[in-house]
Structure formats: C-alpha cells, structure tokens
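Peer 1: In my numbering, the protein residues as written are 30 to 321. Can you keep this structure in mind? I'll have questions shortly.
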Amino acid sequence: MRCELQLPKVIFSLILVCFYPNIVSAQYGLYGERERIGWVNDNGSLKGEVDCVIINDYELKNVNGKEQKGNFIQKWIYYFNDSGNVDYYERYSASGMLDSKVVYVYDHCNNNIRTVLYASDKNVLITVETQYNEQNQKISERNYQNDELLNVFTFEYKGSMVIVKETFGVLAGYADTYYLDSEGRVIKEESSDGRRIKMTTTNEYDLNGEIKETITRDSHGNISFVYQYSYDENSSIIKYTSKSGVSVDAVWYYTNDERGSCVQKKEYKTETEFPVKLREYEIKYKQKTTNN
C-alpha cells in the first residue's frame, strides 16, 4: 500500500516484513511498495471512501509469446474504517484457506496503538504495542510472541533527527538514525550496531515530493541495494525497479485507474524479459448515503 512504512532493520522486524509486510507501520523508513489506493490525505492515509481492497497474486506464463495467467499464489483482503485506516486484513494461501489475519487498534487521534497477528486457528502469534507522546509521535514499540516480550524499540527526537533504538531483544543496542528535511521526509538513514555504522541509506525525491530513488550502502561505501520509482502526471507510481548492487532483481510496471488507484502490476526479472508475476487489485468503495 502507498502509505506503508517499515520498522528498523533488525532480525525480528525483517521476519515480520518478509512474511507479513503490513503488520506494522513505523513512522520512518521508505522502502518497498507505494501503490495508491483511493484518494489520499496529506498524511498518507485514505480519505475513508474505500471499503475494502482485494489483492490477488498469480504466476504469469509465456504461451506462444502471449501472457497467460498461471497458478494462483495468494490473496490479501484489506478492510478500512471511516477514517481511512486499515481495520484488519486477511491473507489466504494458494489453496484458498485463511492463512493469517492482522487486526489494528487505534486511539482517538487515529494512532495505531496495537497490532495483532493471528494464525489461521485464531491463536495470537505476534502482538505489537505502540505508545505516542502528546505530539502524536511514536515513542516506544513493544513486540510480543504470545505473552513473551521479544523486542522493545524507543524513538528519540532531536531536531531534524529521529533515533530508533532496540533497547531489549536479540539486537539490543542496535540503532537507526533518520535525518529529515524541512518537509519531514527521510533523506538519510544510518544503521549501527551501537559502535559503528553498518549501513547507510539515502533517499532522493522528485519535484512533487515523491520518493525517486533509494540507495543503501554497506560500511565500506559499496552499494548494496537500489530502489527506483517513476510516476505519472498525477504522482501515481507506474514503475518500480529493485536492484542488488548493479544487478536488477525485479521491475514492476503499474496500471492505475482514473482516480490514480493501482489496479494491476506486473513483475519482470529484467527490463526486457517476459513478465513472471501478476498482482490484481479490486477496490470496493463505500456506498454514499443521502439525506432525505
């Protein structure tokens, strides 16, 4: 989704992001997908007009030079509240069975204060509890597996910097420092183990304020990852390229409707090869009520 942002790059968070990419929505870090779904508010949330979004993933086959849908991979269904926030979403496997469910709880300021990941048998797998200050800035995040505390992250604000530290957990002492520009956008991120910087990520924006390119370098300055984004005249994404160093991992091309919402995207392994994966979006809007 367009406004989804990831947690600091630590092992626990990477596991969540890989298998449940939208279970959490930390304020900082600009990586991954940026599809627009419905009209978007200035803060990146939806305006409350979308009821649900159904996302289906398929393999694509090359049959005599023509695209043909292959095996069904998985389905995601996102349900939104009137404030434009995700109430919950469900993931279904290739067999059509419910695989997992993620539920979000918000406070009166629409801050996500609790996120719960349920297994298919409705048992709780992961719980994320988040606290905010009076400025609605995230100040702490606690991750539980069942009732066992796994990780604690703290958020410290220093002028144009935000420092996110893991204070409890496997990587306690690790920290991400985010540098913001005058518009509050992340322009640089430094990841350290508490002693030295292990990774640096820089973000470049276009004239419309959209993320244009993200480059991650290792501690020696070598490029590890590059993410590039292209948009149409309405600032809806039309192309996303992911690279490991200089090698292309994947290229996604997007199709958007008249509202600028993404309705389809196709994955290519290179710029010129046949597409290998298809993602389709079905957007259902809330019915408008009329006053008699």
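Virtual Cβ for every residue (Gly too), placed ideally from N, Cα, C. As the structure is a prediction and not an experimental result, all values here were calculated from the model.
By how many angstroms is the C-alpha of residue 85 removed from the C-alpha of residue 175?
Peer 2: Rounded to the nearest angstrom, the two C-alpha atoms are 30 Å apart.
Peer 1: Taking DSSP's pairing of strands, which residues face residue 226 in a bridge?
Peer 2: Paired residue(s): 221.
Peer 1: Thinking C-alpha only, which one of 139, 129, 165 is nearest residue 154?
Peer 2: The shortest Cα separation from residue 154 among 139, 129, 165 belongs to 129.
Peer 1: For residue 171, which residues does DSSP report across the bridge?
Peer 2: Bridge partners of residue 171: 158, 181.
Peer 1: For the putative contact between residue 167 and residue 173, defined by C-beta atoms under 8 Å, what is the C-beta separation to the nearest angstrom?
Peer 2: That belief does not hold up - the Cβ atoms of residue 167 and residue 173 are roughly 17 Å apart, past 8 Å.
Peer 1: Buried or exposed: which applies to residue 196, given that a residue is buried once 16 or more other Cβ atoms fall within 10 Å of its Cβ?
Peer 2: Counting Cβ neighbours within 10 Å, residue 196 comes out exposed, since fewer than 16 surround it.
Peer 1: Taking the alpha carbon of residue 21 as the reference point, which residue from 310, 302, 296 has its own alpha carbon closest?
Peer 2: This structure leaves residue 21 out entirely; the chain is present only between 30 and 321.
Peer 1: Thinking residue 253 and residue 245 are a contact (beta carbons under 8 Å), I'd like their distance in whole angstroms, please.
Peer 2: Sure, about 5 Å apart at Cβ, within 8 Å.
Peer 1: Can you tell me whether residue 311 is helix, strand or coil according to DSSP?
Peer 2: The answer is strand: DSSP assigns residue 311 an E or B state.
Peer 1: Leaving out five residues on either side along the sequence, give the residues of the same chain with a beta carbon under 6 Å from the beta carbon of residue 100.
Peer 2: Around residue 100: 88.
Peer 1: What are the partner residues of residue 143, as DSSP defines its beta bridges?
Peer 2: Partner(s): 134, 158.
Peer 1: So, under 8 Å CB-CB, residue 102 and residue 119 are touching, yes? Tell me the CB distance rounded to an integer number of Å.
Peer 2: No, residue 102 and residue 119 are not in contact; Cβ-Cβ is about 15 Å, not under 8 Å.
Peer 1: Find out if the Cβ-Cβ distance for the pair residue 180, residue 193 is shorter than 9 Å.
Peer 2: Not a contact, by the Cβ cut-off of 9 Å.
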